[in-house]
Amino acid sequence: MFMYYFNQSLILKWLLKLLLLFLLSSACYASNNSIETYSPVEQWIIDRISIVDTVNLLQYKNLNTKQIVSAKFIENLLKGKISKVKFGHRGIRLKHGIVQSSIDLRNVNVNHEVHLVDFKFYSDVNMSETHFTKGLVLNRDTFYQDINLSGINTSRLSLNNAHFQGAVDLSHAKISGVLEALGSLFEAKDRNISLSVNGGHFLGVLLNDSVFHKNVIFISAHVDLNLELKRTQFINTNAFIDFSNIEIGGTAFLNGVQVNGTLYFRSIKLFSLEMYGQGQVYYDDKNIQRRFTNPSIGVLNLGFSVINGEIEIEDSNIDNLNMESLTVGKSTILKKINI
Numbered sequence: 075m076f077m078y079y080f081n082q083s084l085i086l087k088w089l090l091k092l093l094l095l096f097l098l099s100s101a102c103y104a105s106n107n108s109i110e111t112y113s114p115v116e117q118w119i120i121d122r123i124s125i126v127d128t129v130n131l132l133q134y135k136n137l138n139t140k141q142i143v144s145a146k147f148i149e150n151l152l153k154g155k156i157s158k159v160k161f162g163h164r165g166i167r168l169k170h171g172i173v174q175s176s177i178d179l180r181n182v183n184v185n186h187e188v189h190l191v192d193f194k195f196y197s198d199v200n201m202s203e204t205h206f207t208k209g210l211v212l213n214r215d216t217f218y219q220d221i222n223l224s225g226i227n228t229s230r231l232s233l234n235n236a237h238f239q240g241a242v243d244l245s246h247a248k249i250s251g252v253l254e255a256l257g258s259l260f261e262a263k264d265r266n267i268s269l270s271v272n273g274g275h276f277l278g279v280l281l282n283d284s285v286f287h288k289n290v291i292f293i294s295a296h297v298d299l300n301l302e303l304k305r306t307q308f309i310n311t312n313a314f315i316d317f318s319n320i321e322i323g324g325t326a327f328l329n330g331v332q333v334n335g336t337l338y339f340r341s342i343k344l345f346s347l348e349m350y351g352q353g354q355v356y357y358d359d360k361n362i363q364r365r366f367t368n369p370s371i372g373v374l375n376l377g378f379s380v381i382n383g384e385i386e387i388e389d390s391n392i393d394n395l396n397m398e399s400l401t402v403g404k405s406t407i408l409k410k411i412n413i
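The opening position of the sequence shown corresponds to residue 75 in our numbering, with each subsequent residue numbered one higher.
Below is the structure:
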């Protein structure tokens with residue numbers, strides 16, 4: 075009888091051990107192979123993204139959802155973690171989405187082109203140190219908080235007609251193509267800096283027709299070709315726009331620029347500088363600019379700079395011009411300047 079109960083107890087212990095091992099292995103499997111769950115609109119995106127050129131969330135049948143997608147969905151989509159999505163040559167192209175929580179895409183490799191256009195981001199966006207191998211397009215987006223793109227590495231960054239209510243950090247960014255922010259609004263409502271590009275390296279920079287409310291910092295940046303600030307407005311009289319120690323391989327175009335504060339081009343190196351009245355220009359098929367403006371700058375500091383080619387300033391209003399120890403390789407043309 076004793077042996078019978080002993081064997082029964084032993085068998086029970088072994089069964090309990092096996093049950094415990096089964097439960098532990100099941101938990102591990104579930105954690106490593108969790109079932110992907112998405113909202114109806116996110117599932118709709120997954121079903122369409124591989125078969126259409128651009129997924130427009132305004133076409134989603136249930137507009138009561140207001141095209142809201144979670145930050146986690148965007149993160150997993152860009153990381154390639156959604157198993158049902160197969161990216162073609164188009165990459166990721168979404169329009170009219172709304173993201174309410176913070177996006178964290180730091181130190182990520184994104185191997186497909188990304189277009190998030192006409193989006194609204196209500197919380198901060200962090201894409202610092204992320205590598206977008208085929209480019210990032212954020213045209214006509216609205217950012218209600220800060221966007222951190224510091225150390226980003228990409229072939230192209232497009233921020234055309236975007237609205238930034240927080241600060242934009244592009245310090246030490248590496249863009250092998252062009253940084254575009256045409257017709258964009260940089261408000262930085264609760265910040266001192268609208269745009270920081272310290273130490274960044276770009277093929278070219280286009281900021282034409284954009285408006286900046288706070289300080290702009292381009293210290294020690296490097297632009298291989300041209301920097302364009304055509305008809306760009308810096309409207310705060312207390313703000314500074316600092317391009318000190320920048321190196322520009324081509325021309326800095328300040329045609330029609332409006333600077334109410336101080337513009338520092340101190341200790342810079344570039345090929346040539348142009349600043350004169352700027353008229354009609356076409357930079358976007360849907361947004362044609364037809365205004366004509368003469369450059370107007372509160373303080374222009376060109377001290378200790380080296381311009382290997384020409385400097386041409388014409389039809390401009392400059393309250394204070396500093397050209398101390400300025401070196402110009404070729405000709406200097408100064409016409410119709412009110413100082």
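Beta carbons: idealized from backbone N, C-alpha and C, even for Gly.
Quick one: what's got a C-beta closer than 7 angstroms to residue i's C-beta in the same chain, skipping five residues either side?
i	result
Ser399	Gly377, Phe378
Ile120	Tyr112, Ile156, Lys158, Val159
Gln117	none
So, helix, strand or coil for residue i, using DSSP?
i	result
Asn222	strand
Leu231	strand
Leu132	helix
His275	strand
Ser390	strand
Lys194	strand
Ser370	strand
Ser250	strand
Can you give the beta carbon distance from residue i to residue j, rounded, assuming they're within the 8 angstroms contact cut?
i	j	result
Val290	Ser268	6 angstroms
Gly209	Ser224	At roughly 18 angstroms, the Cβ-Cβ gap does not stay under 8 angstroms, so Gly209 and Ser224 are not in contact.
Asn300	Phe327	7 angstroms
Asp298	Gly323	5 angstroms
Ser346	Gly383	4 angstroms
Beta strand (DSSP E) containing residue i: first to last residue?
i	result
Asp316	314-316
Gln332	332-338
His287	Element bounds for His287: n/a, residue is neither H nor E.
Ala326	321-327
Met349	343-349
Asn266	Per DSSP, Asn266 belongs to no beta strand (DSSP E) and is neither H nor E.
Asn412	406-412
Using a Cβ-Cβ cutoff of less than 6 angstroms, which residues in the same chain neighbour residue i once the five nearest sequence positions on both sides are dropped?
i	result
Asp393	Gly372
Lys360	For Lys360, the predicted model reports a pLDDT of 49, less than 50, meaning its position is unreliable and no value from the coordinates is stated.
Asp220	Asp198, Gly240, Ala241
Asn19	Residue 19 cannot be examined here, being either before or after the span of the chain that is shown, 75 to 413.
Gln307	Val285, Gln332
Leu253	Leu231, Phe276, Val279
List the endpoints of the continuous alpha helix (DSSP H) containing residue i.
i	result
Asn150	145-153
Arg122	114-122
Evaluate residue i with the Cβ neighbour count: other Cβ atoms within 10 Å of its Cβ, from every protein chain shown; 16 or more gives buried, anything less gives exposed.
i	result
His163	exposed
Thr204	buried
Leu256	buried
Lys304	buried
Lys263	exposed
Gln141	buried
Val126	exposed
Asn136	exposed
Ile309	exposed
At a cut-off of 7 angstroms, is residue i close to the ligand FAD when judged by its beta-carbon and the heavy atoms of the ligand?
i	result
Ser224	In terms of ligand content, the structure shown is empty, and the ligand FAD therefore cannot be addressed.
Using a Cβ-Cβ cutoff of less than 8 angstroms, which residues in the same chain neighbour residue i once the five nearest sequence positions on both sides are dropped?
i	result
Arg122	Val129
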